[in-house]
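Undergrad: For the sequence shown, the positions run -21 to -1, 1 to 955 when mature numbering (1 follows the signal peptide of the UniProt record, and there is no 0) is used. Just so it is clear, CB atoms sit at the ideal spot from N, CA and C, and this is done for glycine as well. It should be emphasised that the depicted structure is a prediction, and the values quoted were computed from it without experimental measurement.
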Amino acid sequence: MSRKHFLGILLFLLTTWVVQAQETERQYLSGTGLGSTVTWQFRVSEGRNSGRWSKIEVPSQWELQGFGEYTYGRWYKKPGVKNPSMEEGTYKRSFRVPRNWQGQNIRLWFDGVMTDTEVLVNGQSAGPVHQGGFYRFSYDVTELLKYGSSNQIEVRVKKHSDNRTVNAAERKADWWLFGGIYRPVWLEAKPATHIERLAVDAQADGTLKLDVYLKGVTEEGYLGIEVEPLQKKDTLFEETTVVFVQFKEGASTLHSTSRWEDICPWTPESPNLYQLRVYLCDKNTNPRHFVDTRIGFRTIDFRPRDGLYLNGTKLVMKGINRHSFHPDGGRTTNKELSIQDVKLIKEMNMNAVRSHYPPDEHFLDACDSLGLLYIDELAGWQDAYDTPTGTRLVREMLTRDVNHPCIVLWSNGNEGGWNTDVDSLFRTYDPQKRHVIHPWADFDELDTHHYPAYLTGVARFTNGYKVFMPAEFMHGQYDQGHGAGLEDFWARYTAHPLFAGGFMWAYSDEAVRRSDRGGALDSEDYNAPDGILGPFREKEGSYYSVREVWSPIHIEPLMITPSFRGDFRVSNRYLFTNLGACSMRWRVLHCTPPLNGDGEGEVVTVADGGARAWRQVLDSGMVQLPSLVPGETGFARMNLPDNFFNGDILELEAYGADGESVCTRTFPIHYAKDYLKGELQPKGADAHPSGSQSAAASNCRVDETDTLITLCSSAVTVSFRKSDATITSVTRNADGRIIPLKDGPVAVGMKMVLADLSARTENGDAVLCARYRGAADSIVWRLAPDGLLSMDAVLLNRASGGGGFDDAFTDTEVLNLGLTFSYPESECSGMRWMGRGPYRVWKNRIPGANYGVWQKDYNNTITGESTERLVYPEFKGYHANLYWATLQSSTAPFTVYAASDGIFLRVFTPEEPHGRQDGLNTMPDFPAGDISFLLDIPAIRCFKPISQHGPQSQPGIIRIKKGDEGLRLNLMFDFR
């Protein structure tokens, strides 16, 4: 603070002093958001319910209220469409203004209107037409109002702007185009002499630089500046510090610098907020008006060829792009939704958000208070505002948002939608001088290239010398992107010192509830189903993948063996938090298979109600975490209980310093073969080697005809074709029911030709031995007297494949490899299984799927596409690390057990989205058949072809050398 302006620091009992000051008063003319509205009179020019006066709720988008027509922003790509919907709407309502407001300054505020807005108060123009749909604007209506009596407001709104550049920036874009007053409207009363606004630079060391903009100052006076922790509880006689700064008569702007001690800096991991209150006082220090704003003390600076720093710590932003959107409101949202979204984003262990336009301010408030970094963007999807319009809108955006500590970067447009003439204006209105980016461009030392390939590029990204931060990557159309391939991309990028983070596309599907289609949801085919969440925030599988890959408490690769004694490696991937401030709990879980009953333990609803889990906790306790600063790796330790190896799964759940769960990881305690053996073992020493449960069961037999070999037990009969050793029928003898698992095993991703087939009885079992040329050596089927059918397949143990294939007996690029069967989808009602779940996986999206016992009812969910609320997890697809699974059916259920590790269970073929682009499939091809047991599965693409992804996304490659023992694919079926 300069000496000539310094008066002193005084201590006050504020109770008697503050009461003299007038707070800014606000009177809403609308509701405050989705679910809180006020009825206005309304008429629309065209489309539904046009040409007559009706009623509409404000705020809202008029399309969702039954007026006009819906248009998606890529209307110009549709053949024959020359213009989008271009309705004009007129709003009216009456309101009263308090008589005691006379003599004050009254402004009429609009938080957001789409698009051109003309306002009349009591029949007189309030000011020029406002153009730009994402910005807060106001009019001085002091002289237009009737105080103490009724007033009339009329608002005329053009959905399509008269300004070509506004339409180019906002309405030729990859999002829904709406019309109307969609954010709140209010009157604001201040004294004639008042504080207009504040612009703050609150630094991490406690330095507070303050620009105060004044109106109507006619004599000298003082500003009083007070800073209090937001969490501090008010008391009746609270002692506080006020710093006074003198100003002269006629002052309009005042610059002040002060220093505040014992400040706790703001970070996304510790979002410490303070209330800044600035008093406007007369020459005797009597307060006349005051303004409050929330601030966070933090220092943000961009260092070229180095990084983006917060409080001296280099940032790596784990971000997502988010639209302000809800199916029932369009762009009309509310505070509760903003808080929900911030919490969901943080649950994915993200720390940053970007949008294509300024969001609702309550979303920025939630980012401030809960801890997210934010990139605030001037709209301009792929084209820019003209300079006069852009100049005005930069001012409107920054004067509203400048004081939010969450904002670390400004963005001028998107993908070519920038007007460079307005770049310098960001610094004009921002005392913090935050860096400005041009998203997708390599601009001003920050490379924000969109949708980079894994190996991008020549002298750029991991091969370059500039800070790089893709402002969009991991595009999530339908089930693609997001968590699929993230592990590879993130490992490569974070290994480079100049990486500043990345922002996925996008947060939620933009599926709007169509009032013209009976409330059906519409994501405009392939244009808007890009979310990691559904439109109602339903969680896709990538939600959990991202949560694991981006977990700040990272458990290094771990495999439980008999040698495990409780030590494992952990890494601290926080930016600011010491691992010693966090915690971790271990749990040992037991998983009972159907062989031993229907299961034990608590049934828990998971995946937001879309699935269930059976949990039987044998023991639990706390892990001893080491004290590690960010970036360090060390050993954590758990004290193994005596019954540890009696369990089946080790669950480790990590908690942040705030006590919130950040990640859950699970590890099998036993290999699949050992688990199955252990579950069979309790049936007694006399149990049959195949797992027979009844020593009294009669021996099996083999029946043979010209075309079939049939293995027969008292419980089950299984027939195989002699031509190719595939199952033709399975019969449950107790009721004669046919179990329609058949037409397999058929090779997937490889060739196998039957060379020899023989059958015999052995130790009471019926045995069928099929020998092959090609990738399979042999498959041995063994039916035990109790009806359990075992399959032992030996694969890839001969370099020559038995001759006749020129070694070409597998696909050159292996996508799927294993064995497949048919089973009618119509017979299936659900699945209960032990393995990774409850979501399906892809080869490059296995993280986030945890070991457990899961239950899903059948659904035909198409990821991201539905006219109703989406049901997740999807039922159909690949499921990793099978231990056992029961395919549920009212007529034909069966259970299969894995006796080999790493088996993927494929359950049916997911349906492709009907609205996919040009009819091209969004998923890789699934194997023939319906139920498959695979040792490799394909990755799913993410905007780029698989060849441009990382190593975990690439097809498998098979090499066989003489002496290899080969692979085993061993299963046991229970058809009883």
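Short check: CB of residue 968 to CB of Val381, under 7 Å?
TA: Coverage of the chain is limited to positions -21 through 955, which leaves residue 968 absent and any answer about it impossible.
Undergrad: Tell me which residue opens and which closes the beta strand (DSSP E) that Ile174 is part of.
TA: Start at 1 with the first residue of the sequence shown, and residue 174 comes out as number 195. Residues His173 to Ala181.
Undergrad: To the nearest angstrom, how far is it from the Cα of Gly663 to the Cα of Leu762?
TA: In the sequence shown, the residue the question calls residue 663 occupies position 684. In the sequence shown, the residue the question calls residue 762 occupies position 783. Because the pLDDT at Gly663 is just 45, under 50, the model does not fix this residue reliably, and the value given afterwards should be weighed accordingly. The alpha-carbon atoms of Gly663 and Leu762 are separated by roughly 19 Å.
Undergrad: Within the same chain, show all residues whose beta-carbon is closer than 8 Å to that of Arg439, passing over the 5 residues directly before and after it, in chain order.
TA: Numbered from 1 along the sequence shown, position 460 holds the residue referred to as residue 439. Same-chain partners within the cutoff: Asp421, Asp426, His428, Lys445 and Phe447.
Undergrad: Run through the DSSP bridge pairs and tell me what Val491 is partnered with.
TA: Numbered from its first residue, the sequence shown carries residue 491 at position 512. Looking at the DSSP assignment, Val491 forms a beta bridge with Asp501.
Undergrad: Who are His268's beta bridge partners in DSSP?
TA: Residue mapping note: residue 268 aligns to position 289 of the sequence shown, counting from 1. Answer is Gln1 and Leu259.
Undergrad: Give every residue of the same chain whose Cβ lies closer than 6 Å to the Cβ of Val759, excluding the five residues on either side of it in the sequence, and list them in chain order.
TA: Position 780 of the sequence shown, counted from the start, is the residue given in the question as residue 759. So the list reads Cys748 and Asp771, once near-sequence residues are dropped.
Undergrad: Taking one C-beta from the segment 192 to 210 and one from the segment 253 to 265 each time, how about it: are there three or more such pairs within less than 8 Å?
TA: Verdict: yes, contact present.
Undergrad: Spatial neighbours of Val60 within its chain, please: C-beta separation below 7 Å, excluding the five flanking residues on both sides.
TA: In the sequence shown, residue 60 corresponds to position 81, counting from 1. Contacts found: Trp54.
Undergrad: Under a Cβ-count criterion, where at least 16 other Cβ atoms within 10 Å of its own Cβ denotes burial, should Lys845 be classed as buried or exposed?
TA: Here residue 845 refers to the residue found at position 866 when the sequence shown is read from its first residue. It is worth fixing the name first, because residue 845 is Ser in this sequence and not Lys. Label assigned to Ser845: buried.
Undergrad: Tell me whether Pro250 sits in a helix, a strand or coil according to DSSP, three-state version.
TA: By one-based count along the sequence shown, residue 250 stands at place 271. In the structure shown, Pro250 sits in a strand (DSSP, three-state: E or B).
Undergrad: Count Cβ pairs between the segment 96 to 109 and the segment 119 to 136 that sit closer than 8 Å; are there 3 or more?
TA: Touching, yes, given that three or more Cβ pairs across the two stretches are closer than 8 Å.
Undergrad: Between which two residues does the beta strand (DSSP E) carrying Thr799 extend?
TA: Stepping through the sequence shown from its first residue, residue 799 is reached at position 820. Where Thr799 is concerned, the enclosing beta strand (DSSP E) stretches over Leu796 to Ser801.
Undergrad: Using a Cβ-based criterion (distance less than 6 Å to any ligand heavy atom), does Met453 qualify as near the ligand FAD?
TA: Among the ligands in the structure shown, none appear at all, so the ligand FAD cannot be discussed.
Undergrad: Identify every residue that forms a DSSP beta bridge with Ser117.
TA: Position 138 of the sequence shown, counted from the first residue, corresponds to residue 117. Answer is Trp88, bridged to Ser117.
Undergrad: Terminal residues of the continuous alpha helix (DSSP H) containing Thr368?
TA: Within the sequence shown, residue 368 is the residue found at index 389, counting from 1. Element bounds for Thr368: Thr366 to Asp380.
Undergrad: From the DSSP output, read off the bridge partner residues of Gln83.
TA: On the sequence shown, position 104 is the one that residue 83 refers to. Paired residues: none, contrary to the question.
Undergrad: Let's see if you can read the secondary structure: which residues bound the beta strand (DSSP E) around Tyr49?
TA: Against the sequence shown, residue 49 aligns to sequence position 70. First-last for Tyr49: undefined, no H or E at that position.
Undergrad: Rounding to the nearest angstrom, what Cα-Cα distance links Leu946 and Leu774 in this structure?
TA: Taking the sequence shown and counting its residues from 1, the one referred to as residue 946 is at position 967. Taking the sequence shown and counting its residues from 1, the one referred to as residue 774 is at position 795. Rounded to whole angstroms, Leu946 to Leu774 spans 5 Å at the Cα level.
Undergrad: Rounded to a whole number of angstroms, what is the C-alpha to C-alpha distance between Pro872 and Pro572?
TA: Looking up residue 872 in the sequence shown gives position 893. Looking up residue 572 in the sequence shown gives position 593. If I take the Cα positions, the gap works out to 15 Å.
Undergrad: For Ala(-1), count neighbouring C-beta atoms within 10 Å of its own C-beta (all shown protein chains included) and say buried if the count is 16 or more, exposed if not.
TA: Against the sequence shown, residue -1 aligns to sequence position 21. Buried, by the Cβ-count rule.
Undergrad: Out of Glu36, Ala918, Val206 and Ala778, which one is the CA nearest neighbour of Arg72?
TA: By one-based count along the sequence shown, residue 72 stands at place 93. Minimum Cα distance to Arg72 is reached at Glu36.
Undergrad: How do the segment 534 to 549 and the segment 790 to 803 stand: do at least 3 beta-carbon pairs fall below 8 Å, yes or no?
TA: The segment 534 to 549 is not in contact with the segment 790 to 803.
Undergrad: Are there 16 or more other CB atoms within 10 angstroms of the CB of His414, so buried, or fewer, so exposed?
TA: To locate residue 414, count along the sequence shown from 1; it is residue 435. It counts as buried.
Undergrad: Could you work out which residue in Pro609, Leu568 and Asp423 is closest to Asn622 when comparing CA atoms only?
TA: Looking up residue 622 in the sequence shown gives position 643. Comparing Cα-Cα distances from Asn622 to each of Pro609, Leu568 and Asp423, the minimum goes to Leu568.
Undergrad: Assuming Thr311 and Tyr114 make a contact with CB atoms under 8 Å, what is their CB distance in whole Å?
TA: Mapped onto the sequence shown, residue 311 falls at position 332. Mapped onto the sequence shown, residue 114 falls at position 135. Their Cβ separation, rounded to whole angstroms, is 16 Å, which puts Thr311 and Tyr114 out of contact at 8 Å.
Undergrad: Return the residue from the list Tyr70, Gly497, Gly10 and Pro826 that minimises the CA-CA distance to Tyr523.
TA: Within the sequence shown, numbered from 1, the residue matching residue 523 stands at position 544. Out of Tyr70, Gly497, Gly10 and Pro826, Pro826 has the C-alpha closest to the C-alpha of Tyr523.
Undergrad: By DSSP's criteria, Cys691 is part of a beta bridge. Which residues make up the other side?
TA: Stepping through the sequence shown from its first residue, residue 691 is reached at position 712. BP columns for Cys691 point to Arg680 and Thr696.
Undergrad: Can you tell me the Cβ-Cβ gap for Thr185 and Pro250, rounded? I've got them flagged as a contact below 8 Å.
TA: Along the sequence shown, read from residue 1 onward, the residue named residue 185 stands at position 206. Along the sequence shown, read from residue 1 onward, the residue named residue 250 stands at position 271. It is Gly, not Thr, that sits at residue 185 in the sequence shown. About 17 Å separates the two Cβ atoms, so there is no contact after all.
Undergrad: Considering only the alpha carbon of each residue, which of Trp833, Asp953 and Thr707 lies closest to Pro764?
TA: Counting from 1 along the sequence shown, the entry for residue 764 is found at position 785. With distances taken between Cα atoms, Pro764 lies closest to Asp953.
Undergrad: So which of Arg284, Asn300 and Arg301 has the shortest CA-CA distance to Lys293?
TA: As a working note, residue 293 is residue 314 in the sequence shown. Comparing Cα positions, the closest option is Arg284.
Undergrad: Is it true that the segment 383 to 396 meets the segment 353 to 366, where meeting means three or more beta-carbon pairs spaced less than 8 Å apart?
TA: Touching, yes, given that three or more Cβ pairs across the two stretches are closer than 8 Å.
Undergrad: So, at 6 Å on beta carbons, what are the nonlocal neighbours of Phe194 in its own chain, with the 5 sequence-adjacent residues on each side left out?
TA: Position 215 of the sequence shown holds residue 194. Note that residue 194 is Lys in the sequence shown here, rather than Phe. His173 and Glu175.
Undergrad: How close, in whole Å, do the beta carbons of Asp909 and Ser801 come, if the pair is a contact with beta carbons under 8 Å?
TA: As a first step, residue 909 must be located in the sequence shown, where it is residue number 930. As a first step, residue 801 must be located in the sequence shown, where it is residue number 822. Going by Cβ atoms, the distance from Asp909 to Ser801 rounds to 5 Å, so yes, they are a contact pair.
Undergrad: Quick check on His417: does DSSP put it in helix, strand or coil?
TA: Within the sequence shown, the letter at position 438 stands for residue 417. It is coil, neither helix nor strand.
Undergrad: Asn838 and residue 957 - do their beta-carbons sit closer together than 7 Å?
TA: This structure cannot settle anything about residue 957, because the visible part of the chain is limited to -21 through 955.
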